């Protein structure tokens, strides 16, 4: 019984699929419609995905960020030198030969022209202590060398160097009264530091008239589990007034704030365009059913049951949608993946360099969406095909 | 005109198909309206920027403060009519998610330089009389239900008082409306003297200056003069028109316009294929009817016109409905959801006109191929086909 049902399904479906070339135009319209939706939505979501990756890649749960209490970002924070020393000596901070693996930092922005538009953009300039290179252990110099302490030298992240004019090794830049020399380019596993320019904090403080003030402390902990004790020690210390967060959570928050808008827009575009593609698929499948009215009726008269007819129509629509989905995902991947650009991170009011990221989950999502469109687009025509009254259908021209 | 019933009955011939085609066009133009509004939200600052206003910021970056002593010196520059200053306060109201702009401004000059902020006379007087007074934008007032007389507590992140407290309280003196549709009313403005007093009276700096010049055509010249005043000082300045500033800020966010154009182009191309295909199907099914019409003496041009008219009718129906939905339902509803990201969210009138032009273009393009096929149809072939 069951095997009979399946052989019916196989028979009708194979006839359907073999006749697709006869409906080349409308089948192609369905495929293009679905592919278009998949391309556009993957492209939009790959922006959000790229921003998230740039902010969170390399952010570790065993690194703590210490800010002044009440600050949401480094930009608004402020810490005295004494406070940064107390933080570095707190329990749980990893110690290396040179002392605690902790870096007190200053975060400012400088104006540099974007390479793409030539207009000025807020590029983050971070003054760090020597241990910063141990705190961000993924960071490595790929061109030139590190800056020397005490000198007006800067190293630029790979992303910043590609987006903003003037960040080439050997170049001199002038901000205010100081001239700086670019001595190196670094990578950081695609993470946030790649959007930044780094220099010695001891040079940055006087250049920006910050006295002995810092804005944040990045401290590497013995392990992720050491965080609660570290946090408690700092928050109960009467000499301090600070907020302690894990680095990964700190940047995940910023990423949520930044990608929220992109996601809302992406969902809206996907749903609306998806509806459009479903209408196209419905048209195609209704036409397909109409073109085969007599064949379907003949099959039914021969004893084929409704189920296989429904399945066969659905199979055709799902196949067309799947082809569209795969083409769309492939186009999106080759056209957008890795496309490098930058945007404004509102939390720090500075530029974030990122690359569009077409990730496997996004591709899977695109394919699932395409199948969904195929399912909806095929369902109603399939039901109509199954309900065709055999006698009238046979009489139809 | 007498052919309208013919076109209408052709549309009704396959009701389901016509409905789906119309719906897919509705969707395209709904997206068009939405995306143009998004683009406009990012760039409207450029359009509404005062042509006669310059911004003076620190040369290194916007976050570096400028001495308050610069104000009178800028005012004395030839070509400058008026100067006002502002400080970005950056405080938190209840929760960091409730972000909105808070600026400390010079009470005597602020409203003179920003005539697009319309405040009732009595409320303006109240603001001038109350040191802790604040002018709240209409959109902000609606968002949190602020009313004149309310007290707003804000936690400072940048401006901590000398005693270590970070709580600032403001009294709502007035609510300002935007003079134009694109005016941003999502922020609040309080008095610099209140900020200065809270900081112990020794603040001494501002975030930026806004300058009104007598002749917009000489903006470049006046900018140069202002920057020349402070060249080689510890705080050098960078002066530019408000428009250039808004443009560079929009560029910082990214090329939203280009992304929107690409998406729209993709959407329209897809829908063109889909609609064109439907029209082609409709014509193919009617091949012998068209042949009959031609036999009856319908000219080639008339047959072409009939098919084009049908495709135009579908486009007008779908496109019109889509634009109406966008303006009437989707943009207001999503504008509310997006207002903390995009305070200015509406479809400008000229975009609406572009939309109408696109509808016509779309209708013609989708119908062109099937219409020419119908026009070239040879009666003998067509009648023989079935």
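Residue numbers (our numbering), protein chains in the order written: chain Z, 1 to 397; chain W, 398 to 783.
Note that beta-carbon positions come from the ideal geometry of N, C-alpha and C, so glycine has one too.
All values reported here derive from a predicted model rather than from experimental measurement.
- Beta-bridge pairing by DSSP links residue 342/Z to 353/Z.
- Interface criterion not met: the Cβ of residue 767/W is under 7 Å from no Cβ in chain Z.
- Chain-order list of chain W residues neighbouring residue 114/Z: 648, by C-beta distance under 7 Å.
- If you compare the alpha carbons of 779/W, 519/W, 602/W and 516/W with that of residue 484/W, the shortest gap goes to 602/W.
- The beta carbon of residue 145/Z sits closer than 6 Å to those of 183 and 184, all from its chain and outside the five residues before and after it, given in chain order.
- For the stretch 480–494 of chain W, the set of positions with a beta-carbon nearer than 7 Å to some beta-carbon of chain Z reads 487 and 493 in chain order.
- The alpha carbon of residue 691/W has as its nearest neighbour, out of 780/W, 713/W and 757/W, the alpha carbon of 780/W.
- In this structure the stretch 581–588 of chain W does not lie against the stretch 453–462 of chain W, because fewer than three pairs of beta carbons, one per stretch, are closer than 8 Å.
- Per DSSP, the beta bridge partners of residue 199/Z are 127/Z and 154/Z.
- Under the three-state reduction of DSSP, residue 635/W is assigned to strand.
- Residue 105/Z has 216/Z as its beta-bridge partners, per DSSP.
- 117, 119, 120, 121 and 122: these are the residues of the stretch 117–151 of chain Z whose beta carbon lies less than 7 Å from some beta carbon of chain W, given in chain order.
- Any Cβ of chain Z closer than 7 Å to the Cβ of residue 415/W would place that residue at the interface, and such an atom is absent.
- For the stretch 647–679 of chain W, the beta-carbon criterion of a distance under 7 Å to any beta-carbon of chain Z is satisfied by 648, 649, 650, 651, 660, 663, 664, 667, 668, 670, 671, 674, 675, 677 and 678.
- Under the 8 Å Cβ criterion, the stretch 471–485 of chain W counts as touching the stretch 506–518 of chain W, having at least three qualifying pairs.
- Counting only runs of 4+ residues, the alpha helix (DSSP H) found wholly inside the stretch 532–591 of chain W occupies 535–541, in chain order.
- Identification of chain Z residues near residue 424/W by a Cβ-Cβ cut-off of 8 Å yields 272, 273, 275, 276 and 279, ordered along the chain.
- Against chain W, the CB of residue 213/Z has no partner CB under 7 Å away; the residue lies outside that interface.
- Among the residues of chain W, those whose CB is under 9 Å from the CB of residue 286/Z are 411, 413, 414 and 417, following chain order.
- A contact is defined here as three or more CB-CB pairs under 8 Å, and the stretch 733–745 of chain W fails this definition with respect to the stretch 628–647 of chain W.
- Contiguous alpha helix (DSSP H) elements confined to the stretch 689–724 of chain W occur at 697–722, taking only those with 4 or more residues.
- Within the stretch 424–438 of chain W, 424, 425, 427, 428, 431, 432 and 435 place their CB atoms closer than 9 Å to a CB of chain Z, listed in sequence order.
- Taking the Cα of residue 355/Z as reference, the smallest distance to any Cα among 392/Z, 112/Z and 159/Z is reached at 159/Z.
- DSSP places residue 186/Z inside the beta strand (DSSP E), whose first and last residues are 178–187.
- Per DSSP, the continuous alpha helix (DSSP H) segment holding residue 46/Z begins and ends at 24–56.
- Counting only residues of its own chain and dropping the five nearest sequence neighbours on each side, residue 680/W has a CB closer than 8 Å to the CB of 687, 704, 767, 768, 770 and 771.
- Residues of the stretch 457–470 of chain W with a C-beta less than 8 Å from any C-beta of chain Z: 457, 458, 459, 460 and 461, listed in chain order.
- Contact annotation: in the stretch 715–738 of chain W, residues whose CB is within less than 8 Å of a CB in chain Z are 731, 734, 735 and 738.
- Of 157/Z, 69/Z, 34/Z and 10/Z, the smallest CA-CA separation from residue 238/Z is found for 69/Z.
- Around the beta carbon of residue 76/Z, 16 or more other beta carbons lie within 10 angstroms, which makes this residue buried.
- Note on the stretch 236–283 of chain Z: whole beta strand (DSSP E) runs with a minimum of 3 residues are 242–246, in chain order.
- Apart from sequence neighbours up to five positions away, the residues of its chain that approach residue 43/Z with a beta-carbon distance below 7 Å are 332 and 336, ordered along the chain.
- Contact between residue 29/Z and residue 280/Z holds, since their C-beta atoms are separated by about 6 Å, short of 8 Å.
- Within a 10 Å sphere around the beta-carbon of residue 124/Z sit 16 or more other beta-carbons, which makes this residue buried.
- Counting only Cβ-Cβ distances below 8 Å, residue 177/Z has contacts in chain W at 631, in chain order.
- Taking the CA atoms as reference points, residue 576/W sits about 8 Å from residue 512/W.
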